[in-house]
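Trainee: The structure is given below, and queries will be raised subsequently.
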Amino acid sequence: MPLTPSDDRFLVAALELAERGLFTTTPNPRVGCVIVRDGRVIARGWHERAGGPHAEAMALANAAESVAGATSYVSLEPCSHVGRTPPCANALIAARIGRVVAAAQDPDARVSGRGFALLRQAGVPVDVTDNLDVAQRARALNVGFCSRIERGKPWVRLKVAASLDGRTAMASGESQWITGVAARADVQYWRARTCALVTGVGTVLVDDPLLTVRNVTSRVSGELRQPLRVIVDSKLSTPPNAAVLQAPGQALIATTRAMLGTGRAVTLANEHVEIVATDGERVDLAMLMSILALRGINEVMVEAGPRLTAAFVAAACWDEALFYYAPKLLGVSARPLADFAVDRLVDAYGARITDTRLVGGDLRVTLARH
C-alpha cells in the first residue's frame, strides 16, 4: 500500500533507535524497531551487540500488550537465517504482526529479499519506503556494513587535522595540538563508531599514540568498546613497548610476507597483538582492507602521518575524509597533510565536499571520493 507521512515518521523513530547501537553492534548492522497500533507505539527495540537479541526480538519482548495485527517499523529488513539468534522474520510471523514497513533491504545475500518473502508468504504485507531521505539515512547508518557485504571491503574514512595552509605538524614533528578541544572530542565520536583505527609505524615512533576511545559518552550498558588498532609497518619497526600495543583491546600489525617468521615478528606477536602480511615490498593497502573485511570490520578510520595518508589517497583506498582545519598558519617548513607530488593540475586528486561545519573554533570539512 502507499506509504503515508506517519509511516515515514515511525521509520525515522526506528532509525533513531538503531543509532543507539552505533558504537557496539559491529560486525552486525545497526537496527531499530518500533511496533505501532492505531498510531500508538506499543513496543520499541534496538540491536545492541552481536550475539544479543535483534531489534525485532527486543521490541516483541518489550511489548506491553499483544502485537497481533499491529505494524512493525524496522530500519532494516528482518533477518531470515539462523545465526547466533533465530530469524526475526519468523518471530514477527509467530507474533501475528499485521504489517511490516522497512527503511531498507538487507544487502546480505543470506537475507536480501528473503526476509520480506517469508513475511509475504505468511500473509504479512510488506512495504519498503520510497522516501529518499529516509532511505539515504538508513543507508548512511550502516554504510560500513553495506560496503563490507557489497564490495568486500570496509568503508574507509581518513581523518586529518591541519592548519589553514594544510600543515599537520611543525618541522620538528610537534603537532599537539593544532585543533581545539571540541574538534578532538568530535574525533572521539568517530573513533567510537569505527571498527578499526589505522596508523603508520612513523606515527607510532614519533607520537607513541594510544589510539583508544576515551569519551565516556560512548559507553553502552557500561561498556566502552575499543576498536581494533592496526599499524602499517612494512619492516616491523614497531617497538614492543609502544603504547598502541599496551592499550586495552586488540592490536594488529600489517607487514610484508618477507617479515613473517623473523625474530621481530616473534617478539611482537602475543595474545593481544596479531601480525598479518600482504604481498609486495610494502604493505598492500587494498589487500589489507580485504583482510579486515574478512574479519568483520565494517568501518575503518585512518589517523596517520603524511606518508600513509598519501598512500591511501594514491591507491584510491578511501571513501570519506574528515578534514579539521584550525585557524592557524604554520608556514612552508611545517609538514604537509599528504606526502606526494602532483605536477599538473589535471592530475590533482579530486573529491566532493559533502558537509562543512564549525566544531568549536575549527572547521570540519567532510569529503567523499569521486
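Residue numbering for the sequence shown is 1 to 370, as defined by the working numbering. Quick reminder that beta carbons are idealized off the backbone N, C-alpha and C, glycines included.
1) For residue 370, count neighbouring Cβ atoms within 10 angstroms of its own Cβ and tell me buried if that reaches 16, exposed if not.
2) List the endpoints of the continuous alpha helix (DSSP H) containing residue 189.
3) Considering just the uninterrupted stretch of the alpha helix (DSSP H) at residue 202, what are its terminal residues?
4) Which residues bound the beta strand (DSSP E) around residue 322?
5) Give, in chain order, every unbroken run of the alpha helix (DSSP H) that is at least 4 residues long and sits entirely within the region 57-145.
6) Measuring straight from C-alpha to C-alpha, what distance separates residue 144 and residue 227?
7) At the level of alpha carbons, what is the spacing between residue 316 and residue 348?
8) Would residue 38 and residue 101 be called neighbours here (beta carbons separated by less than 8 Å)?
9) DSSP state of residue 358, grouped into three classes?
10) The beta strand (DSSP E) with residue 291 in it runs from where to where?
11) Determine the burial state of residue 270: buried for a count of at least 16 other Cβ atoms within 10 Å of its Cβ, exposed for fewer.
12) Let me confirm a value: residue 103 is counted as buried when at least 16 other C-beta atoms fall within 10 Å, else exposed. Which label applies?
13) From which residue to which residue does the alpha helix (DSSP H) around residue 6 run?
14) Across which residues does DSSP place residue 159 in a beta bridge pair?
15) Whole angstroms is fine: what's the gap from residue 155's alpha carbon to residue 197's?
16) With DSSP run on the structure shown, which of helix, strand or coil describes residue 32?
17) Which residues does DSSP pair with residue 274 in a beta bridge?
18) Could you pull out every unbroken beta strand (DSSP E) segment of at least 3 residues lying fully inside the region 207-268, listed in chain order?
19) Return helix, strand or coil for residue 367, following the three-state DSSP convention.
20) Looking only at DSSP bridge pairs, what is residue 167 linked to?
21) Which same chain residues end up closer than 8 Å to residue 351 when comparing Cβ atoms and leaving out the 5 residues on each side of it in sequence?
22) Taking the beta strand (DSSP E) that residue 302 falls in, what are its first and last residues?
23) Report the option in 14, 13, 25, 211 whose CA atom is closest to the CA atom of residue 298.
Mentor: In terms of the structure at hand:
1) The residue you call residue 370 lines up with position 370 of the sequence shown. So residue 370 ends up on the exposed side.
2) Counting from 1 along the sequence shown, the entry for residue 189 is found at position 189. From DSSP, the alpha helix (DSSP H) with residue 189 extends over 181-193.
3) In the sequence shown, residue 202 corresponds to position 202, counting from 1. Note, residue 202: alpha helix (DSSP H), 201-207.
4) Reading the sequence shown from its first residue, position 322 is the one you call residue 322. Counting along the chain, the beta strand (DSSP E) containing residue 322 begins and ends at 320-326.
5) Uninterrupted alpha helix (DSSP H) stretches at least 4 residues long and entirely within the region 57-145 occur at 88-94, 114-121, 132-141, given in chain order.
6) The residue labelled residue 144 in the question sits at position 144 within the sequence shown. The residue labelled residue 227 in the question sits at position 227 within the sequence shown. Their Cα atoms are separated by approximately 14 Å.
7) Locating residue 316 in the sequence shown gives position 316, counting from the first residue. Locating residue 348 in the sequence shown gives position 348, counting from the first residue. Answer to the nearest angstrom: the Cα atoms are 13 Å apart.
8) For the purposes of this step, residue 38 is taken as the residue at position 38 of the sequence shown. For the purposes of this step, residue 101 is taken as the residue at position 101 of the sequence shown. No; because the gap between Cβ atoms is not below 8 Å, this pair is not in contact.
9) Translated into the one-based positions of the sequence shown, residue 358 becomes position 358. The three-state reading of DSSP puts residue 358 in strand, counting E and B together.
10) Walking along the sequence shown from the start, residue 291 turns up at place 291. That residue, residue 291, is in no beta strand (DSSP E); its alpha helix (DSSP H) goes 285-294.
11) Taking the sequence shown and counting its residues from 1, one reaches residue 270 at position 270. Residue 270 counts as exposed, since fewer than 16 other beta carbons sit within 10 angstroms of its beta carbon.
12) By 1-based counting over the sequence shown, the position of residue 103 is 103. That one is buried.
13) To locate residue 6, count along the sequence shown from 1; it is residue 6. Segment 5-18, the alpha helix (DSSP H) holding residue 6.
14) Here residue 159 refers to the residue found at position 159 when the sequence shown is read from its first residue. Its beta-bridge partners are 322.
15) Position 155 of the sequence shown holds residue 155. Position 197 of the sequence shown holds residue 197. Counting only the Cα atoms, residue 197 lies some 12 Å from residue 155.
16) Counting from one through the sequence shown, the residue named residue 32 turns up at place 32. Reduced to three states, the DSSP call for residue 32 is strand.
17) Walking along the sequence shown from the start, residue 274 turns up at place 274. Residue 274 is bridged to 252.
18) If you keep only unbroken beta strand (DSSP E) runs of at least 3 residues inside the region 207-268, you get 228-232, 251-256.
19) One-based indexing of the sequence shown puts residue 367 at position 367. Here residue 367 sits in strand by DSSP.
20) As a working mapping, residue 167 is identified with position 167 in the sequence shown. Residue 167 is bridged to 336.
21) Residue 351 sits at position 351 when you count from the first residue of the sequence shown. Excluding sequence positions up to five before and after residue 351, its CB lies within less than 8 Å of the CB of 321, 367, 368, 369, 370, all in the same chain and listed in chain order.
22) Counting from one through the sequence shown, the residue named residue 302 turns up at place 302. Counting along the chain, the unbroken beta strand (DSSP E) around residue 302 starts and ends at 299-302.
23) Taking the sequence shown and counting its residues from 1, the one referred to as residue 298 is at position 298. Checked all of 14, 13, 25, 211; the closest Cα to residue 298 is 25.
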